[in-house]
Each structure stands twice: as structure tokens, then as C-alpha cells.
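I have placed the structure first, in the form of C-alpha cells, so that the comments after it can refer back to it.
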Amino acid sequence: MGDESGADGLADLGSMLRSLRRQADLSQRELAGLSGVPQSTVARIESGQCTDPRFQTVHRLIRAAGGRLRLAGAGDPAAGDPAAGDPAASCGCDDAGREVIQDDTRRDEAGRRYPAHLDVRKVRTLKDWSGAWWAYSYTLAPDRWPLRVPEVTYDLDRGRRDERRLRERIRDSVVIRRVTEGVPDGCWRLLAELPDGDVVGELRAHLRSLSLLYGEDWGNGREVVLDGVLVAPGLRLLGIGRRLVTRLAEETRLAGVPAVCATAEFGGIDFLRACGYQLDGSRPATLRLPRPWSARSG
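Going by the working numbering, the first residue of the sequence shown is number 535, and it counts up by one from there.
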């Protein structure tokens, strides 16, 4: 921990303890119960008001929060950073800073810090805030919203926090791989896999000749047709499908194919447009021939 008894050292200690609580998903009261340290002491350490916390007190708090205390001498490169070089003492959040706010200086309207373990995140759209029950009411103008939308929000339910963290850990660990064994030439099969080998997404596409398609001589004209993208239901809306589509674009560019086309309906249209696809007005629209209806057929 070093010999840091000044205000900067206490501020660093308080910030580190809050970050450890965020990782362990512990409130101050829960950490106090696990460590045997009074909650008032935990609050004073985190706020920097405890001028000289005992070593044993700090040790018990860090161990109860799942961290490890590392002592560093003056010549140690990590002496100025208690968390350097020790993954267990790392204070990073589960979603790599994409949503969770790491700034401990942020306060609510009453001037209080937000609870560190609740993963405070910004409200970018109405769907980010659980209180926006009217989010899908597209006819309601912002000036008629029944509640004021806050700048940040968090989940009080522990199960929801665990689910969010698990989904984002999975998102960050997904690797895209192209399968070539058993796949014909001119076809693509891309898999989204977890480190343990579980497949959570798949994309398939094939190459076709424009000359054969239109019955005219297009020279070397070719295009890739996107057959489909599939992502495990519980892992959708994490960007896995978009990563598969982006990887296909990179693969086809290296293969010298100028375009990738796809046919989609319902939600698939919005998905492809979000991936950068544009509607092609020169292509024929979808035609459907319904079966003739009769009284005998019911």
C-alpha cells in the first residue's frame, strides 16, 4: 500500500475501494458485514474523511471485496499505483467502460454519490431507462412525456445487474472465425465463438455470377449473397450479428468482390440498414402468390 497518508493517497484508496465494491457488486453495508468493519468507517474511507485508516482495516476491506493487497517499495515500478500489475486489484468495470460510469465525482441531484456497486450508466435513449414505460409510444412528443428522463440510471435488482454483466463479458470475449473445412469454394461460413468453443452466432453467404443471373455478359461481374445471420436468442442486441456482417465485408473485399447483397423482411431490414446496407431500388420487389381460397378448403 506504500506510505501515502496525504489527501491524494486517501482519495486513491477510497476510489479503489469503491471500484472493488463495483466488481464484487457489494453495497457499503454488505461489505461492512463481510469484513467486520463498521459501515461508517467504510463510508469515511471512501469519502477520504478517514485521516489514518489502520492497515488491518484496509486489509480486511480489500479481502472482503475480493481483492489482494500488494506491498510495494519505493523502487518498485508499481509503488505509485497500488493496483498496477495485480489483476485482482484491478478496478476496471465489467463492460470495459462502454456504459458504466467510472467517474466517482458524479453526484445525484441531492449532491450524493451514486452507489458504486449499481453500475451507473448513461441514458442515451428512452429504452435505457426502465422508468420510460412510454418508450414505444412513437406518437408521444418529448414535451408530453409524463416523467422527466434522468441523465443516468442503474438497476436495483441484483439479478438484472448480474445478467447485464454476464452479457457484456460474453460480448467482449466473442471471437469471429471463418470455417473452410467442408465449405464449397465461393461460400462463406463465419462463426461467433466463446473461448470455450461454444458457438453463439453464425453467418452464411455464397458467391454468384451476375452473367448467369441476368443472362448477359457481365465479364467478371460477381456479387456475394448473404444467406442469413443467426445469433443465440439470449445474446442478441450485443453487436455480435454486426460483427459477423462486418467480417463478411472484410472477407469479400480481400476476395475482390465489389458488392454484398441480401434479401430481408421484418426486423432483418432494420438490422441490415444498421450494418450499412442500403435499399436497392433497381432490384425487383418481393412477390407472393397466395393459394386460392375456397369454402371447401375452410
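For glycine and all other residues, C-beta sits at the position ideal for the given N, C-alpha and C.
Segment limits, alpha helix (DSSP H) that includes residue i
i       : result
Asp-804 : 801–808
Ala-566 : 562–569
Arg-777 : 774–788
Gln-475 : Residue 475 lies beyond the range of the chain shown here (535 to 832); nothing can be said about it.
Ala-577 : 573–581
Leu-893 : Outside the displayed span of the chain (535 to 832) sits residue 893, for which this structure offers no information.
Residue environment, residue i, which counts as buried when at least 16 other CB atoms sit within 10 Å
i       : result
Asp-653 : buried
Val-709 : exposed
Pro-587 : buried
Gln-557 : buried
Ala-675 : exposed
Arg-555 : buried
Gly-768 : exposed
Val-717 : exposed
Leu-813 : exposed
Glu-580 : buried
Leu-724 : buried
Leu-788 : exposed
Gly-601 : buried
Residues sharing a beta bridge with residue i, DSSP
i       : result
Thr-687 : Arg-655
Val-794 : Val-758
Trp-722 : Ala-739
Arg-641 : Arg-647
Glu-727 : Val-709, Val-733
Leu-764 : Glu-736
Min CB distance residue i to chain C below 7 Å
i       : result
Pro-767 : Judged by its chain identifiers, the structure shown contains no chain C, having just a single protein chain.
Spatially closest choice to residue i from the options, by CA coordinates
i       : options                            : result
Glu-785 : Leu-760, Leu-568, Leu-771, Leu-700 : Leu-760
Arg-640 : Pro-792, Val-686, Asp-706          : Val-686
Arg-647 : Thr-797, Leu-771, Ser-561          : Ser-561
Ala-798 : Pro-767, Ala-808, Gly-790          : Ala-808
Arg-658 : Pro-649, Pro-684, His-651          : Pro-684
Ala-739 : Leu-782, Ile-704, Asp-804, Glu-715 : Leu-782
Tyr-811 : Val-791, Thr-780, Phe-800          : Thr-780
Pro-488 : Glu-727, Leu-690, Arg-698          : With the chain running from 535 to 832 in the structure shown, residue 488 is simply not present.
Ile-596 : Gly-570, Thr-585, Trp-679, Gln-583 : Gly-570
Arg-776 : Ala-726, Pro-680, Asp-677          : Ala-726
His-651 : Asp-662, Leu-681, Gly-665, Tyr-688 : Tyr-688
Gln-590 : Arg-578, Leu-603, Gly-582          : Leu-603
Val-713 : Lys-661, Ala-793, Leu-737          : Leu-737
Gly-859 : Tyr-672, Arg-594, Pro-680          : This structure gives no information on residue 859, because the portion of the chain shown stretches from 535 to 832.
Arg-711 : Ala-796, Asp-732, Val-576, Leu-700 : Asp-732
Arg-682 : Trp-667, Ile-803, Gly-801          : Trp-667
Arg-838 : Glu-643, Cys-795, Asp-642          : Only positions 535 to 832 of the chain appear in this structure, which leaves residue 838 out of reach.
Ile-803 : Gln-583, Gly-762, Asp-642          : Gly-762
Sequence-distant residues of its chain with Cβ nearer than 7 Å to residue i (five each side left out)
i       : result
Gly-815 : none
Pro-729 : Ser-707
Pro-572 : Ala-566
Leu-744 : Trp-752, Gly-755, Arg-756, Glu-757
Leu-764 : Gly-735, Glu-736
Arg-701 : Leu-769, Leu-772
Lys-661 : Ala-669
Leu-778 : Ile-710, Leu-724, Ala-726, Gly-735, Leu-737, Val-763
Contact test: residue i Cβ vs the ligand ADP heavy atom, cutoff 6 Å
i       : result
Glu-564 : Ligands in the displayed structure: none, and consequently the ligand ADP is not present.
6 Å CB neighbourhood of residue i in its chain, flanking five on each side removed
i       : result
Leu-547 : none
Gly-832 : Because the pLDDT at Gly-832 is just 46, under 50, the model does not fix this residue reliably, and the value given afterwards should be weighed accordingly. If we look at Gly-832 and ignore the five residues flanking it on each side, it has no Cβ neighbours.
Lys-656 : Val-686
Leu-568 : Ala-598
Ala-766 : Val-734
Val-791 : Arg-756, Val-758
Glu-715 : none
Phe-800 : none
Tyr-672 : none
Unbroken beta strand (DSSP E) run spanning residue i, endpoints
i       : result
Val-709 : 709–712
Chain-order list of residues whose beta-carbon lies under 8 Å from that of residue i (same chain, five-residue window excluded)
i       : result
Asp-615 : The predicted position of Asp-615 is uncertain, since its pLDDT is 46 and thus under 50; a value taken from the coordinates is nonetheless stated next. Taken in chain order, the list of residues that qualify is empty.
Asp-696 : Asp-559
Ile-704 : Leu-728, Val-734, Leu-769, Leu-772
Asp-642 : Tyr-648
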